[in-house]
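Trainee:
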Amino acid sequence: MTKVAALASGGLDSAIMLADLAADSQVYPIYVEAGLVWERAEKASLERFMAALAQPNIEPVTYLSVPTGPIIGSHWSVTGQAVPGARAPDSEMFIPGRNVLLIAVTSVWCSTHDVGRIAVGSLGGNPFPDATQEFFESFGNVLSTGLGHEIKIEAPFRGRNKAGLIRSHSGLPLELTLTCANPPGPPLNAPRSSRGHPGAAPRREGTQAPDARPVPDAKRPALNGASHCGDCNKCTERLEAFQESGVEDRTRYLA
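Using our numbering, the letters of the sequence shown map in sequence onto residues 87 to 341.
#1: Locate the alpha helix (DSSP H) running through glutamate 322, then write down its first and last residues.
#2: Of all Cβ atoms in chain B, is any one closer than 7 Å to the Cβ of valine 201?
#3: For a test of the three-state rule: what should DSSP assign to glycine 210, helix, strand or coil?
#4: Is serine 151 helix, strand or coil by DSSP?
#5: With which residues is glutamine 167 paired in a DSSP beta bridge?
#6: For histidine 314, does the count of other Cβ atoms within 10 angstroms reach 16, so buried, or fall short, so exposed?
#7: Could you give the first and the last residue of the continuous alpha helix (DSSP H) run that contains isoleucine 102?
#8: If we count the other Cβ atoms within 10 Å of its Cβ and call it buried at 16 or more, is alanine 140 buried or exposed?
#9: Quick check: what's the CA-CA separation for arginine 51 versus glutamate 128?
#10: So, are the CB atoms of alanine 327 and isoleucine 239 less than 7 Å apart?
#11: Is valine 228 helix, strand or coil when you go by DSSP?
#12: Flag this pair as yes or no: are the beta carbons of valine 152 and valine 118 separated by less than 7 Å?
#13: Apart from the five residues just before and just after glycine 96, which ones in its own chain have a Cβ nearer than 7 Å to its Cβ?
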């Protein structure tokens, strides 16, 4: 059984990818802490989903850290201010160098743990330059050369959309995943958890568009167990994907 490092965010796409990869691979979920406002909620969602999945081929989460605040400064993903609203254009959602950093630090981990595959949950509709097949192939070659260790970057869902994934994986506990840029609850990044999912310890290494309604600052407490704000661009994407899929959306939205 081959080994694969899977970039896992607790989001719907990467969570489904974990389940798929585990069918024939030993999966090492990698969560890269970058100092973004939603990380506390993401990490909790990832651990809950993995615990519910209880798939023996999925290892405990490995947490790596590459703080991006000093790099991207006052970007909304770091400050939690002026989070892009429901109809914000893709350009406002772009986080410069996001996949570059996530994949680069994961590749170094792979080179020291005898793993040659990195899987990312990028979908076919992803418009960003660091999410294309050309980028994945080229960057994989560069990393392989620089590390002296073969790295293959895989994007198994590049030909699919979110609604199709929901429809084909409706038996998974998708309500435990997180697709929100402004999750209810404390916005500050949580200290690293000292626990993984039950029974296993985690590994640790190391302006608004005119049509984009602003989302309130991420400083409100969770209400009635809601895990999603219901207002942001990502929540809208999730809501519409569930509607298109015809699958019941058991996600709890604040708005």
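All residues carry an ideal CB built from backbone N, CA and C; glycine is no exception. On a predicted model such as this, the values are computed, not experimentally measured, just so you know.
Mentor: In brief:
#1: The sequence position of residue 322 within the sequence shown is 236, counting from 1. Sequence inspection shows threonine at residue 322; the glutamate mentioned does not correspond to that position. Counting along the chain, the alpha helix (DSSP H) containing threonine 322 begins and ends at 319-331.
#2: No chain B is present in this structure, which holds just one protein chain.
#3: Counted from its first residue, the sequence shown places residue 210 at position 124. Note: glycine 210 maps to coil in three-state DSSP.
#4: Position 65 of the sequence shown, counting from 1, holds the residue named residue 151. In the structure shown, serine 151 sits in a strand (DSSP, three-state: E or B).
#5: Working through the sequence shown from its first residue, we reach residue 167 at position 81. None; glutamine 167 has no bridge partner.
#6: In the sequence shown, counting from the first residue as 1, residue 314 sits at position 228. Per the 10 Å Cβ criterion, buried.
#7: Indexing the sequence shown from 1 puts residue 102 at position 16. Residue range 98-107 is occupied by the alpha helix (DSSP H) that includes isoleucine 102.
#8: By one-based count along the sequence shown, residue 140 stands at place 54. Here alanine 140 is exposed: its Cβ has fewer than 16 other Cβ atoms, across all protein chains shown, within 10 Å.
#9: Nothing can be reported for residue 51: it is not among the residues displayed for the chain, which extend from 87 to 341.
#10: Reading the sequence shown from its first residue, position 241 is the one you call residue 327. Reading the sequence shown from its first residue, position 153 is the one you call residue 239. It is not a contact, given that the beta carbons lie outside the stated cut-off.
#11: Within the sequence shown, residue 228 is the residue found at index 142, counting from 1. Helix.
#12: Counting from one through the sequence shown, the residue named residue 152 turns up at place 66. Counting from one through the sequence shown, the residue named residue 118 turns up at place 32. Result yes, Cβ atoms of valine 152 and valine 118 sit closer than 7 Å.
#13: Walking along the sequence shown from the start, residue 96 turns up at place 10. Hits under 7 Å: Glu128, Lys129, Ser131, Leu132, Phe135, Thr263 and Leu264.
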